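Participant: Take a look at this one; I'll ask things after.
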Amino acid sequence: MKISYNQLKTLIDFDHNPQKLGEILTDTGLEVEAIEKVDAVKGGLEGLVVGHVVSCEKHPDADKLNLTKVDVGGEALLEIVCGAPNVAVGQKVIVALVGATLYPTSGEAFTIKKSKIRGAISEGMLCAEDEIGLGQSHAGILVLDTDLPLGSPIAKYFNLEPDYVIEIGLTPNRADAASHLGVARDIKAVSDSSVKMPDVSGFSLGNSAATIDLVVEDVIACPRFCGLEIQNVEVKESPEWLKRFLNTIGVNSINNIVDITNYVCHYLGQPMHIFDADAIAGQKVIVKCPEAGTELITLDGTARKLSGTDLAICNADGPMAIAGVFGGLNSGVKATTKNIFLEVAYFNPVSIRKTASKHGLKTDASFRYERGTDPNLPPFAIKFATKLILDLAGGQVSDKMFDIYPAPISNFEIDLKIKNIDRLLGKKLGEELIISILEKLDIQLISKSEGQLKVSVPPYRVDVTREADVVEEILRIYGFENIELSDSLSSDFIAEFPEKDPETLKNKLSDALAAMGFNEIQSLSIVKPSDNGWLDQADSVVKLLNPLSEELSEMRQSLLFSGLNALVYNINRRNKDLKFFEFGRTYIKNIVDGQTKIKENRVLGVWMSGNISSESWMQNSSAVSYHNLFQTVSQILALMKIKKLDTNETSNQAFAYGLEHIVRNKVLVKFGLVNPSLTAKADLKQVAYYAEFDWDLLCKLYSSENKFVEIPKYPEVRRDLSLVLNKSVKFDQIKKVAFNVEKKLLKSVNVFDVYQGEKLPDDQKSYSVSFILQDEEKTLNDQQIDKTMQKLMGAFENEVGAIIRK
Numbered sequence: 008m009k010i011s012y013n014q015l016k017t018l019i020d021f022d023h024n025p026q027k028l029g030e031i032l033t034d035t036g037l038e039v040e041a042i043e044k045v046d047a048v049k050g051g052l053e054g055l056v057v058g059h060v061v062s063c064e065k066h067p068d069a070d071k072l073n074l075t076k077v078d079v080g081g082e083a084l085l086e087i088v089c090g091a092p093n094v095a096v097g098q099k100v101i102v103a104l105v106g107a108t109l110y111p112t113s114g115e116a117f118t119i120k121k122s123k124i125r126g127a128i129s130e131g132m133l134c135a136e137d138e139i140g141l142g143q144s145h146a147g148i149l150v151l152d153t154d155l156p157l158g159s160p161i162a163k164y165f166n167l168e169p170d171y172v173i174e175i176g177l178t179p180n181r182a183d184a185a186s187h188l189g190v191a192r193d194i195k196a197v198s199d200s201s202v203k204m205p206d207v208s209g210f211s212l213g214n215s216a217a218t219i220d221l222v223v224e225d226v227i228a229c230p231r232f233c234g235l236e237i238q239n240v241e242v243k244e245s246p247e248w249l250k251r252f253l254n255t256i257g258v259n260s261i262n263n264i265v266d267i268t269n270y271v272c273h274y275l276g277q278p279m280h281i282f283d284a285d286a287i288a289g290q291k292v293i294v295k296c297p298e299a300g301t302e303l304i305t306l307d308g309t310a311r312k313l314s315g316t317d318l319a320i321c322n323a324d325g326p327m328a329i330a331g332v333f334g335g336l337n338s339g340v341k342a343t344t345k346n347i348f349l350e351v352a353y354f355n356p357v358s359i360r361k362t363a364s365k366h367g368l369k370t371d372a373s374f375r376y377e378r379g380t381d382p383n384l385p386p387f388a389i390k391f392a393t394k395l396i397l398d399l400a401g402g403q404v405s406d407k408m409f410d411i412y413p414a415p416i417s418n419f420e421i422d423l424k425i426k427n428i429d430r431l432l433g434k435k436l437g438e439e440l441i442i443s444i445l446e447k448l449d450i451q452l453i454s455k456s457e458g459q460l461k462v463s464v465p466p467y468r469v470d471v472t473r474e475a476d477v478v479e480e481i482l483r484i485y486g487f488e489n490i491e492l493s494d495s496l497s498s499d500f501i502a503e504f505p506e507k508d509p510e511t512l513k514n515k516l517s518d519a520l521a522a523m524g525f526n527e528i529q530s531l532s533i534v535k536p537s538d539n540g541w542l543d544q545a546d547s548v549v550k551l552l553n554p555l556s557e558e559l560s561e562m563r564q565s566l567l568f569s570g571l572n573a574l575v576y577n578i579n580r581r582n583k584d585l586k587f588f589e590f591g592r593t594y595i596k597n598i599v600d601g602q603t604k605i606k607e608n609r610v611l612g613v614w615m616s617g618n619i620s621s622e623s624w625m626q627n628s629s630a631v632s633y634h635n636l637f638q639t640v641s642q643i644l645a646l647m648k649i650k651k652l653d654t655n656e657t658s659n660q661a662f663a664y665g666l667e668h669i670v671r672n673k674v675l676v677k678f679g680l681v682n683p684s685l686t687a688k689a690d691l692k693q694v695a696y697y698a699e700f701d702w703d704l705l706c707k708l709y710s711s712e713n714k715f716v717e718i719p720k721y722p723e724v725r726r727d728l729s730l731v732l733n734k735s736v737k738f739d740q741i742k743k744v745a746f747n748v749e750k751k752l753l754k755s756v757n758v759f760d761v762y763q764g765e766k767l768p769d770d771q772k773s774y775s776v777s778f779i780l781q782d783e784e785k786t787l788n789d790q791q792i793d794k795t796m797q798k799l800m801g802a803f804e805n806e807v808g809a810i811i812r813k
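Structure, rendered in structure tokens:
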């Protein structure tokens with residue numbers, strides 16, 4: 008949620024700068040995630056100052072140019088060439104100094120430079136309003152009527168203060184804070200200031216007869232509905248202050264009428280909708296649930312079929328809008344609209360949430376309605392909106408305002424015990440302080456007796472319904488930092504975390520991968536159907552009942568495409584040498600004993616693409632290879648202290664070729680070259696390598712024990728063999744045979760050369776393998792070494808069909 012710092016100050020007085028205000032709001036539970044400066048005019052008019060034209064003469068070589076000397080408060084006058092017809096001696100003007108960047112109303116930005124124009128030096132520029140983004144006129148330079156000192160920033164003349172957008176990570180329980188008014192209430196609770204509601208005292212009904220009637224048929228789904236007709240309005244562009252506010256909070260300006268509804272929604276937290284009164288068939292507004300299958304074309308041009316439980320704002324012919332969610336295309340305000348009907352209501356949150364979810368619609372209105380708005384705010388909001396409409400669009404208010412509220416929603420009463428408050432807080436605050444905090448939160452004291460309080464909670468605080476909720480509010484305002492550590496707790500308390508805590512391991516491995524040059528990515532678990540389609544496992548796909556969109560409708564079965572999409576995104580932005588990792592989740596559906604079971608798996612994905620090393624005077628650039636991926640996988644396994652593995656060639660369709668490491672008959676990791684058909688499907692135009700670890704299994708296998716061994720006292724011996732084998736034999740098989748034959752003396756087995764070529768049949772290859780032998784108790788002699796090597800050669804011949812090359 009975005010809040011305008013300047014607009015917030017219209018609701019409550021405070022002296023805090025944006026950064027300090029952010030700290031205060033975060034302490035009260037409204038976590039400020041970002042604060043960003045927003046200039047009132049692009050560039051903030053930086054480098055533009057007030058100047059005084061001291062002299063003005065015609066350019067000797069150009070009839071339409073003037074040579075001026077301008078005083079900007081410096082030691083010397085500036086010589087500026089100006090082509091404006093209205094420039095004259097004695098004027099106060101806007102001077103763009105050398106180095107200033109101008110953002111014109113139309114066209115590209117440009118920077119002022121000292122230059123020669125027709126042989127004359129020009130040390131700046133005298134500005135027209137369109138040249139600095141303040142308007143459309145280019146008839147001449149702006150002439151100022153000001154007493155500001157020469158050299159003053161021109162922003163002071165126009166009173167264009169920058170704004171700051173404060174982005175708040177609103178938690179689901181704080182529906183009351185989803186507006187500038189809600190944030191102002193929290194500031195009031197921790198200060199001595201009061202909230203200043205907009206003045207609507209001048210509101211009055213007009214003399215023109217209302218033409219629209221109102222009927223609310225479903226008072227359960229719509230407990231309160233206010234309506235008002237305004238005639239002869241003028242739909243036009245909004246004033247700058249309103250467009251600036253909407254732009255600050257990320258809302259597009261449409262026109263003055265629509266912009267007012269958005270302003271009221273974000274300013275007061277009260278959504279509203281305005282209909283073209285002349286488009287209301289039968290001159291009657293009916294709030295009801297239309298029959299199932301009734302069609303409505305919404306503002307986005309989509310034809311939506313309503314269910315029998317979708318509340319709609321209807322006319323005599325059918326629905327005009329989905330109540331509290333989305334407007335209809337044919338009933339909204341248009342450029343030709345003259346007469347309007349205002350709707351400000353309180354809708355049942357459950358009804359709105361179900362409808363919005365069913366149709367996959369998330370709007371500013373539904374966001375607030377489904378969490379719960381203030382049922383007592385609609386009359387005030389409609390008066391405030393009416394005042395704004397009369398100011399910005401003109402018109403006449405009709406003689407009738409509807410307010411249908413058959414069952415008023417009362418404040419919620421809660422009984423409090425002081426001893427419970429003290430117990431839950433861990434500190435005694437005293438009755439007087441407790442009552443003071445509650446009153447600042449608009450929670451009023453009804454009565455008190457010995458050790459007990461009865462309080463009244465306003466209905467807009469939908470999250471405060473129990474004694475514990477009230478205590479939480481007291482703590483939020485009193486401050487967590489003001490609660491001292493209990494004497495019963497030791498200050499040197501140390502929590503014992505399990506050795507295999509997944510988060511600890513995740514952080515450890517993340518640091519290691521970052522040190523290897525990898526960047527962490529985070530992607531959605533919800534994916535496009537095509538991202539799962541390559542697996543050809545439609546029966547096991549977990550599909551969303553209420554998807555956000557048709558594009559995002561399934562839970563991913565693999566992390567592969569999440570990373571491929573990230574590779575494509577970066578490559579398209581000229582970042583081609585990439586190494587990514589992600590800790591994510593995958594989802595598989597299985598049918599067990601006739602019941603559908605969904606399993607969530609934790610997975611670590613690793614992607615590599617592009618060059619592994621850059622070109623330099625020492626070396627050429629080299630592309631990522633399968634060996635680099637293998638090395639990375641080995642480093643991860645080493646960090647997790649996993650050694651005993653079985654290795655097979657993978658048959659997984661994700662890979663053109665690759666391996667699987669298996670532990671306890673479970674695949675721990677599969678890795679290899681991504682199948683070119685899949686990189687093409689992802690529109691990835693370079694080779695990619697991928698590894699996918701079973702993170703849960705990896706955590707189970709992790710050992711925190713460090714085993715220390717004595718440095719060998721006796722030398723090791725190396726012997727090499729060249730083995731001619733069938734192409735199907737893998738090096739891992741050779742390694743297994745070797746260690747099965749000799750467990751005591753054999754320390755390592757490594758391949759250092761592989762040959763396939765003219766000297767061997769097509770179905771054969773040659774491995775050159777080194778063997779390291781060592782006895783920890785004595786020096787090996789030739790007899791022992793030869794005996795061991797003979798055993799190894801015999802085993803290779805018998806078990807893998809090897810021919811020993813002499």
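Numbering (my numbering), first residue to last: 8 to 813.
Yeah, the Cβ is synthetic: ideal placement off N, Cα and C, and Gly gets one too.
In this text, all values refer to a predicted model and were calculated from it rather than measured experimentally.
1. Secondary structure at Gly-58, three-state DSSP: helix, strand or coil?
2. Check Gly-612 in the structure and name its three-state DSSP category.
3. Run through the DSSP bridge pairs and tell me what Leu-691 is partnered with.
4. Does Arg-473 pass the burial test, meaning 16 or more other C-beta atoms within 10 Å, or should it be called exposed?
5. Does the separation of the CB atoms of Lys-798 and Glu-749 fall below 8 Å?
6. Between the segment 370-386 and the segment 270-290, can you find at least three pairs of beta-carbon atoms closer than 8 Å?
7. Alpha carbon to alpha carbon, how far is Val-761 from Lys-550?
8. Roughly how many angstroms lie between the CA atoms of Val-548 and Lys-535, to the nearest whole one?
9. Looking at the structure shown, is Arg-192 part of a helix, part of a strand, or coil, going by DSSP?
10. I need the boundaries of the alpha helix (DSSP H) containing Gln-403, first residue and last residue.
11. Helix, strand or coil: how does DSSP classify Thr-33 here?
12. Could you tell me the boundaries of the beta strand (DSSP E) in which Tyr-110 lies?
13. Identify every residue that forms a DSSP beta bridge with Glu-174.
14. Do Leu-566 and Glu-699 have their CB atoms nearer than 8 Å?
15. Assuming Gly-591 is part of the beta strand (DSSP E), what are its boundary residues?
16. What does the alpha-carbon distance come out to for the pair Arg-725 and Gln-544?
17. Does the distance from the C-beta atom of Ala-388 to that of Arg-251 stay below 8 Å?
18. Under the rule that 16 or more other beta-carbon atoms within 10 Å means buried, what is Ser-735, buried or exposed?
19. Looking at the strands, I want to know which residues DSSP matches up with His-187.
20. Quick test of the definition: if touching needs 3 or more C-beta pairs under 8 Å, does the segment 232-251 touch the segment 382-397?
21. Residues in its own chain within less than 6 Å of Asp-538 by CB, not counting five upstream and five downstream?
22. What do you reckon, are the CB atoms on Met-562 and Tyr-594 nearer than 8 Å?
23. In three-state DSSP terms, what is Phe-165?
24. Can you list the alpha helix (DSSP H) stretches of 4 or more residues lying completely in the segment 373-459, in chain order?
25. Identify which residue in Asp-20, Phe-333, Pro-297 and Leu-445 has its Cα closest to the Cα of Ala-323.
26. Is Lys-291 closer than 8 Å to Gly-300 when the C-beta atoms are compared?
27. Does the distance from the CB of Phe-4 to the CB of Ala-284 come in under 8 Å?
28. Using C-beta distances below 7 Å, list every residue in its chain close to Asp-207, excluding the 5 sequence neighbours before and after it, in chain order.
29. For Met-562, which residues does DSSP report across the bridge?
30. Go ahead and pull the three-state DSSP assignment for Cys-63.
31. Out of curiosity, what's the CA-to-CA distance linking Leu-72 and Gln-143?
32. Roughly how many whole angstroms lie between the Cα atoms of Glu-503 and Met-647?
33. Are the segment 18-34 and the segment 57-74 touching, with three or more C-beta to C-beta distances below 8 Å?
34. Quick check on His-280: does DSSP put it in helix, strand or coil?
35. Check Ser-620 in the structure and name its three-state DSSP category.
36. Which whole runs of the beta strand (DSSP E) in the segment 202-229 are 3 residues long or more, in chain order?
Facilitator: This is what the structure holds:
1. Counting from one through the sequence shown, the residue named residue 58 turns up at place 51. If DSSP states are grouped into helix, strand and coil, Gly-58 belongs with the strands.
2. The sequence position of residue 612 within the sequence shown is 605, counting from 1. Note: Gly-612 maps to strand in three-state DSSP.
3. Sequence index remark: in the sequence shown, residue 691 carries index 684 (1-based). In the DSSP output, where bridge partners are listed per residue, Leu-691 has none listed.
4. Indexing the sequence shown from 1 puts residue 473 at position 466. With a 10 Å radius around the Cβ and a threshold of 16 neighbouring Cβ atoms, Arg-473 comes out exposed.
5. The count along the sequence shown starts at 1 and reaches residue 798 at position 791. The count along the sequence shown starts at 1 and reaches residue 749 at position 742. Against a cut-off of 8 Å, the Cβ pair of Glu-749 and Lys-798 comes out as a contact.
6. In this structure the segment 270-290 lies against the segment 370-386, because at least three pairs of beta carbons, one per stretch, are closer than 8 Å.
7. The residue you call residue 761 lines up with position 754 of the sequence shown. The residue you call residue 550 lines up with position 543 of the sequence shown. The straight-line gap from Cα to Cα measures roughly 47 Å.
8. Locating residue 548 in the sequence shown gives position 541, counting from the first residue. Locating residue 535 in the sequence shown gives position 528, counting from the first residue. C-alpha separation (whole angstroms): 12 Å.
9. Walking along the sequence shown from the start, residue 192 turns up at place 185. Helix, per DSSP.
10. Walking along the sequence shown from the start, residue 403 turns up at place 396. No alpha helix (DSSP H) holds Gln-403; the beta strand (DSSP E) holding it covers 403-411.
11. As a first step, residue 33 is located in the sequence shown; it is residue number 26 there, counting from the start. Looking at Thr-33 - three-state DSSP - the assignment turns out to be helix.
12. Taking the first residue of the sequence shown as position 1, residue 110 is located at position 103. Neither: Tyr-110 is in no beta strand (DSSP E) and is coded neither H nor E.
13. Your numbering for residue 174 matches position 167 in the sequence shown. The partner list for Glu-174 (beta bridge, DSSP) reads Lys-9 and Ala-41.
14. Stepping through the sequence shown from its first residue, residue 566 is reached at position 559. Stepping through the sequence shown from its first residue, residue 699 is reached at position 692. Yes. Within cutoff.
15. What you label residue 591 is simply residue 584 of the sequence shown in a count that begins at 1. For Gly-591, the enclosing beta strand (DSSP E) starts and ends at 585-599.
16. Mapped onto the sequence shown, residue 725 falls at position 718. Mapped onto the sequence shown, residue 544 falls at position 537. Taking the straight line from one Cα to the other gives about 49 Å.
17. Taking the first residue of the sequence shown as 1, we reach residue 388 at position 381. Taking the first residue of the sequence shown as 1, we reach residue 251 at position 244. With respect to the 8 Å criterion, Ala-388 and Arg-251 are not classified as neighbours on the basis of their beta carbons.
18. Walking along the sequence shown from the start, residue 735 turns up at place 728. The residue is exposed, with fewer than 16 neighbouring Cβ atoms inside 10 Å.
19. Here residue 187 corresponds to residue number 180 of the sequence shown, with the count starting at 1. Its beta-bridge partners do not exist; DSSP assigns none.
20. As far as the Cβ criterion goes, the segment 232-251 touches the segment 382-397, which means the pair count is three or higher.
21. Start at 1 with the first residue of the sequence shown, and residue 538 comes out as number 531. In its chain, beyond the 5 residues on either side, Phe-568 have a beta carbon closer than 6 Å to the beta carbon of Asp-538.
22. For the purposes of this step, residue 562 is taken as residue 555 along the sequence shown, with counting starting at 1. For the purposes of this step, residue 594 is taken as residue 587 along the sequence shown, with counting starting at 1. Against a cut-off of 8 Å, the Cβ pair of Tyr-594 and Met-562 comes out as a contact.
23. For this step, residue 165 is matched to residue 158 along the sequence shown. DSSP places Phe-165 in the helix class (H, G or I) of the three-state scheme.
24. Within the segment 373-459, the runs of alpha helix (DSSP H) at least 4 residues long that lie entirely inside it are, in chain order, 385-400, 425-432 and 438-447.
25. Your numbering for residue 323 matches position 316 in the sequence shown. Considering only alpha carbons, the answer is Pro-297.
26. In the sequence shown, residue 300 corresponds to position 293, counting from 1. In the sequence shown, residue 291 corresponds to position 284, counting from 1. Against a cut-off of 8 Å, the Cβ pair of Lys-291 and Gly-300 comes out as no contact.
27. Past the edges of the chain, shown from 8 to 813, lies residue 4, and the structure says nothing about it.
28. The count along the sequence shown starts at 1 and reaches residue 207 at position 200. Residue identity check: residue 207 is Val in the sequence provided, not Asp. Excluding sequence neighbours, Val-207 sits near Phe-387, Lys-390, Phe-391 and Lys-394.
29. Within the sequence shown, numbered from 1, the residue matching residue 562 stands at position 555. Met-562 pairs with Ile-533 and Val-549.
30. Along the sequence shown, one-based indexing puts residue 63 at 56. Three-state DSSP puts Cys-63 in a strand.
31. Stepping through the sequence shown from its first residue, residue 72 is reached at position 65. Stepping through the sequence shown from its first residue, residue 143 is reached at position 136. Distance between the alpha carbons of Leu-72 and Gln-143: 22 Å.
32. Counted from its first residue, the sequence shown places residue 503 at position 496. Counted from its first residue, the sequence shown places residue 647 at position 640. Its pLDDT being 45, under 50, Glu-503 is placed unreliably in this model, and the value from its coordinates should be taken loosely. When rounded, the distance between both Cα atoms is 21 Å.
33. The segment 18-34, when compared against the segment 57-74, does not touch it at the 8 Å Cβ threshold.
34. Counting from 1 along the sequence shown, the entry for residue 280 is found at position 273. If DSSP states are grouped into helix, strand and coil, His-280 belongs with the strands.
35. In the sequence shown, residue 620 corresponds to position 613, counting from 1. Here Ser-620 sits in strand by DSSP.
36. Fully enclosed beta strand (DSSP E) runs of no fewer than 3 residues occupy 220-223 of the segment 202-229, in order along the chain.
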